[in-house]
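Engineer: Pasting a structure below so you can have a look.
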Amino acid sequence: MKIIACIKQVPDSEAKVKAEGGTISWGDAPLVINPFDEYAVEGALQQREAQSGSTVTALCIGPESAKEALKHALAMGADDAILVSDPGLNELDTVGAARVLAAAINKIGGVDMVVFGRQTLDSGSGLTAAQTARVLGWPLLGLAGQIKVDAGSVTVERVIEEGRQSVKSKLPAIISVVQSIGEPRYPSFMGIRKASKANIPVLALGDLGIGAPAPLITRSELLNPPARETTIEIISGASPAEIADKLADKLIAEKVL
Amino acid sequence: MKALVYIDHFKGEVQPASWEALGLAKSFGSASAVVFGSGVDAVAQAALEYGADEVLAADDPALLDFRAETYAATLATLASAHSPDLILFPTTTRTRELAAMSAVDLNSNVITDATGMEVSGDKVVATRPIYEAKLFEKVTCSSTPQFVTIRGRAFPKPEPQPGKSGTITKVEAMTDAITTVEGYSVADVGVSLNDAGVIVSGGRGVSNNPSLQPPAGLDDKQAEIWRAQQGFTLITELANTLGGAVGASRAAVDAGYIPYANQVGQTGKVVAPDLYIACGISGAIQHLAGIRSAKMVVAINKDADAPIFKVARYGVVGDLFQIVPALTEAFRKKLGK
Chain F
1 MKIIACIKQV
11 PDSEAKVKAE
21 GGTISWGDAP
31 LVINPFDEYA
41 VEGALQQREA
51 QSGSTVTALC
61 IGPESAKEAL
71 KHALAMGADD
81 AILVSDPGLN
91 ELDTVGAARV
101 LAAAINKIGG
111 VDMVVFGRQT
121 LDSGSGLTAA
131 QTARVLGWPL
141 LGLAGQIKVD
151 AGSVTVERVI
161 EEGRQSVKSK
171 LPAIISVVQS
181 IGEPRYPSFM
191 GIRKASKANI
201 PVLALGDLGI
211 GAPAPLITRS
221 ELLNPPARET
231 TIEIISGASP
241 AEIADKLADK
251 LIAEKVL
Chain D
1 MKALVYIDHF
11 KGEVQPASWE
21 ALGLAKSFGS
31 ASAVVFGSGV
41 DAVAQAALEY
51 GADEVLAADD
61 PALLDFRAET
71 YAATLATLAS
81 AHSPDLILFP
91 TTTRTRELAA
101 MSAVDLNSNV
111 ITDATGMEVS
121 GDKVVATRPI
131 YEAKLFEKVT
141 CSSTPQFVTI
151 RGRAFPKPEP
161 QPGKSGTITK
171 VEAMTDAITT
181 VEGYSVADVG
191 VSLNDAGVIV
201 SGGRGVSNNP
211 SLQPPAGLDD
221 KQAEIWRAQQ
231 GFTLITELAN
241 TLGGAVGASR
251 AAVDAGYIPY
261 ANQVGQTGKV
271 VAPDLYIACG
281 ISGAIQHLAG
291 IRSAKMVVAI
301 NKDADAPIFK
311 VARYGVVGDL
321 FQIVPALTEA
331 FRKKLGK
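Printed below as a string of structure tokens:
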């Protein structure tokens, strides 16, 4: 199988993200592979192991610096990596990203399965997998906690609010994965060495034969969340029962129950 | 403004934020409820009672199971015929995919997870959290129809008017499926974090009860998880007493104490309860961002310097294994349960 894992580079989850002068600042926090996409790489590698002769290609849209995120995927074990980078892609919404990814998937050719993380840490829309599937006309198997390929078909255990749902389609298919796919493997020493030497090809819009998609969703304002104005009242007492009694009275009086 | 409001349900159980979306749409103008499935008369009737001007129902055996492709094609066809300015959805696993795909079909795009919305001309401007709710952005969609999914509990839920009647119009279902649903294993998930008025959450601290003796034969990690599960039992009892949901910090989830579905504070689980009781949670930056919309936070923690106390209205510096059961007992008495 020819498998693609789509990834994005985002500021680290620990970053103190702030709005400063209408732009987003994350201080000196590092840019990392989107944590949800590590599960996509993990899911793709599991499928490579389950089907002999398979390969995993990590695919990313981003600036030159996003090669670091692709190197993480290579260090985890991906066979190769491709960056799509173009000045025309600076303002991209999810439909735009889906059109670019679909063009890249078509350009790569012969792809059987494309794996996405459930969403990104930055915008967090969780739309791109479904939209890429729609642009390609491929089935979407969303929010998979388990993937099983058998004779040209794929069945996933989809995790929804109400429990789990088993869904099947023919390949090629687009799959988004959730955490229960399994903890992402740590990059191996050999993997890190290989990744550091990797030559990652870069595709521009011209290589994909498409123009820059105009964003349909635009931001008019960026807001820091309002500061929580609280003065804390510490409840103390001679025994847990006395503390609990006081606290319960306070909460009933606050009408938050 | 003319809006379609998609009523999301699973086997007839409606996701409550659907009604919040209906109430929001009504405040902007006309609101037609859209109901898909097989045998959905009860859902359609409920939509009328919650204030829909009319219901457009695609009721077809081929729509029994949610499948993104058939539902998206049905919605896109319906929207083309009705030309709404806006299509509103509750944010759920299904609607994210449905809105994503039908927006592609109609050359539009989706604003997800809206927590605020205002009308500006013939457009809506939506406020939504980004970067795990560390920031918010105001966004608008330049194409029509605008697709917006709203966060649960971000907008008021309308009061239903029992027995209210109205027009239910059957619309055509698009049934070209490319996926098959083979079955379900429906879990007992309790009260959903997204819709909960009260959330009681546990962190790493729930495994630190020294007075518990794990059963023989467990290794250290198993013993830690066993201890944590006893701790979450106490938390669940308090949540049940208050009719609330059980949450957890990322640290507790990463340590294997409780499933990811209970995690608060990572993207996707930004919660907005009236009351959030944090037990043994220190208050990492992602967690604090995730509970920012809680109306009131109560913190119970042994460490008086834990950052969680900075956002709490009431705090108890003490042992959660003593305080939480005492609190359950106190509420049982006072609330008559």
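Here the protein sequences line up with chains F and D, keeping their order. Per this note's numbering, the very first residue in the first sequence carries number 1; after that it's consecutive. Per this note's numbering, the very first residue in the second sequence carries number 1; after that it's consecutive. Virtual Cβ for every residue (Gly too), placed ideally from N, Cα, C.
Using the beta-carbon of each residue, which ones in chain F are nearer than 8 Å to D/GLY315?
Structural biologist: Your numbering for residue 315 of chain D matches position 315 in the second sequence. Within 8 Å Cβ-Cβ: ILE232, GLU233, ILE234, ILE235.
Engineer: Use the C-beta contact count for F/GLY27: other C-beta atoms within 10 angstroms, 16 or more gives buried, fewer gives exposed.
Structural biologist: For the purposes of this step, residue 27 of chain F is taken as residue 27 along the first sequence, with counting starting at 1. F/GLY27 should be labelled exposed.
Engineer: Going along the chain, which residues of its own chain have a beta-carbon closer than 6 Å to the beta-carbon of D/GLY197, five neighbours each way excluded?
Structural biologist: Translated into the one-based positions of the second sequence, residue 197 of chain D becomes position 197. The residues are PRO273, ASP274.
Engineer: Given a threshold of 16 other Cβ atoms within 10 Å of its Cβ, counted over all protein chains shown, does D/GLN263 qualify as buried or as exposed?
Structural biologist: If you number the second sequence from 1, residue 263 of chain D lands on position 263. It counts as buried.
Engineer: Within 9 Å of any Cβ in chain F, is that where the Cβ of D/THR338 sits?
Structural biologist: It is not possible to answer for residue 338 of chain D, since the shown part of chain D is limited to 1 through 337.
Engineer: When the Cα atoms are used, what is the spatial distance from D/LEU64 to F/ASP249?
Structural biologist: As a first step, residue 64 of chain D must be located in the second sequence, where it is residue number 64. As a first step, residue 249 of chain F must be located in the first sequence, where it is residue number 249. C-alpha separation (whole angstroms): 48 Å.
Engineer: Would you decide whether F/LYS16 is buried or exposed? Buried here means 16 or more other CB atoms lie within 10 Å of its CB.
Structural biologist: Position 16 of the first sequence holds residue 16 of chain F. With fewer than 16 Cβ atoms within 10 Å of its Cβ, F/LYS16 is classed as exposed.
Engineer: Could you confirm whether any beta carbon from chain D is found closer than 9 Å to the beta carbon of F/ALA19?
Structural biologist: Translated into positions along the first sequence, residue 19 of chain F becomes position 19. Judged by the 9 Å Cβ criterion, F/ALA19 is in contact with chain D.
Engineer: Compare the C-beta of F/LYS168 against all C-beta atoms of chain D and say whether one is closer than 9 Å.
Structural biologist: Residue mapping note: residue 168 of chain F aligns to position 168 of the first sequence, counting from 1. Yes, because at least one Cβ of chain D sits closer than 9 Å to the Cβ of F/LYS168.
Engineer: Per DSSP, what kind of secondary structure is D/THR91 in: helix, strand or coil?
Structural biologist: Stepping through the second sequence from its first residue, residue 91 of chain D is reached at position 91. It is coil, neither helix nor strand.
Engineer: Could you name the residues of the same chain whose beta carbon sits closer than 7 Å to that of F/GLY124, not counting the 5 residues immediately before and after it, in chain order?
Structural biologist: To locate residue 124 of chain F, count along the first sequence from 1; it is residue 124. If we look at F/GLY124 and ignore the five residues flanking it on each side, it has no Cβ neighbours.
Engineer: How should F/PRO240 be labelled, buried or exposed, when 16 other C-beta atoms within 10 angstroms of its C-beta is the threshold for buried?
Structural biologist: Position 240 of the first sequence, counting from 1, holds the residue named residue 240 of chain F. Classification for F/PRO240: buried.
Engineer: Under 9 Å between C-beta atoms, does F/ALA244 make it to chain D?
Structural biologist: Residue numbering aside, residue 244 of chain F sits at position 244 when the first sequence is read from its first letter. Interface flag for F/ALA244 against chain D is set, since a Cβ pair is found closer than 9 Å.
Engineer: Taking just the CA atoms, how far does F/CYS6 sit from D/GLY183?
Structural biologist: To locate residue 183 of chain D, count along the second sequence from 1; it is residue 183. To locate residue 6 of chain F, count along the first sequence from 1; it is residue 6. Whole-angstrom Cα-Cα distance: 28 Å.
Engineer: Going along chain D, which residues have a C-beta under 8 Å from F/LYS16?
Structural biologist: In the first sequence, the residue the question calls residue 16 of chain F occupies position 16. In chain order: LYS134, ILE285.
Engineer: From F/LEU203, F/VAL256, F/ASP245, F/GLU161, pick the residue whose C-alpha is nearest to that of D/ARG332; which is it?
Structural biologist: What you label residue 332 of chain D is simply residue 332 of the second sequence in a count that begins at 1. Taking only the C-alpha atoms, the option nearest D/ARG332 is F/ASP245.
Engineer: How about D/GLU20 and D/PRO158: are their beta carbons less than 9 Å apart?
Structural biologist: For the purposes of this step, residue 20 of chain D is taken as the residue at position 20 of the second sequence. For the purposes of this step, residue 158 of chain D is taken as the residue at position 158 of the second sequence. Their beta carbons are under 9 Å apart, which means D/GLU20 touches D/PRO158 by this criterion.
Engineer: What residue from F/ILE82, F/GLY142, F/ALA104, F/ASP150 has the CA that sits closest to F/SER52's CA?
Structural biologist: One-based indexing of the first sequence puts residue 52 of chain F at position 52. Among F/ILE82, F/GLY142, F/ALA104, F/ASP150, the Cα nearest to that of F/SER52 belongs to F/ASP150.
Engineer: Does any CB atom of chain B fall closer than 9 Å to the CB of F/LYS148?
Structural biologist: Although the question refers to chain B, the structure presented lacks it and instead comprises the protein chains F and D.
Engineer: Helix, strand or coil: which one does DSSP assign to D/ARG151?
Structural biologist: Translated into the one-based positions of the second sequence, residue 151 of chain D becomes position 151. Reduced to three states, the DSSP call for D/ARG151 is coil.
Engineer: Assuming the contact rule is C-beta atoms closer than 8 Å, D/LYS164 and D/LEU48 should be a hit. Round their C-beta distance to whole Å, please.
Structural biologist: Taking the second sequence and counting its residues from 1, the one referred to as residue 164 of chain D is at position 164. Taking the second sequence and counting its residues from 1, the one referred to as residue 48 of chain D is at position 48. Contact holds; Cβ gap of about 5 Å.
Engineer: Classify D/LEU48 as helix, strand or coil using the three-state DSSP reduction.
Structural biologist: By 1-based counting over the second sequence, the position of residue 48 of chain D is 48. D/LEU48: helix per DSSP, three-state reduction.
Engineer: Please tell me whether F/GLY182 has its Cβ less than 9 Å away from any Cβ of chain D.
Structural biologist: Residue numbering aside, residue 182 of chain F sits at position 182 when the first sequence is read from its first letter. Taking Cβ atoms only, chain D never reaches closer than 9 Å to F/GLY182, which makes this a no.
Engineer: Leaving aside the five residues before and after D/PRO307 along the sequence, list all residues of the same chain whose C-beta is less than 6 Å from its C-beta, in chain order.
Structural biologist: Position 307 of the second sequence, counted from the first residue, corresponds to residue 307 of chain D. So the list reads GLY283, once near-sequence residues are dropped.
Engineer: Mind pulling the chain D residues with CB within less than 8 Å of F/LYS250?
Structural biologist: Taking the first sequence and counting its residues from 1, one reaches residue 250 of chain F at position 250. Result: TYR314.
Engineer: Hey, could you find the ends of the beta strand (DSSP E) F/ASP80 is sitting in?
Structural biologist: Taking the first residue of the first sequence as 1, we reach residue 80 of chain F at position 80. Note, F/ASP80: beta strand (DSSP E), 80–84.
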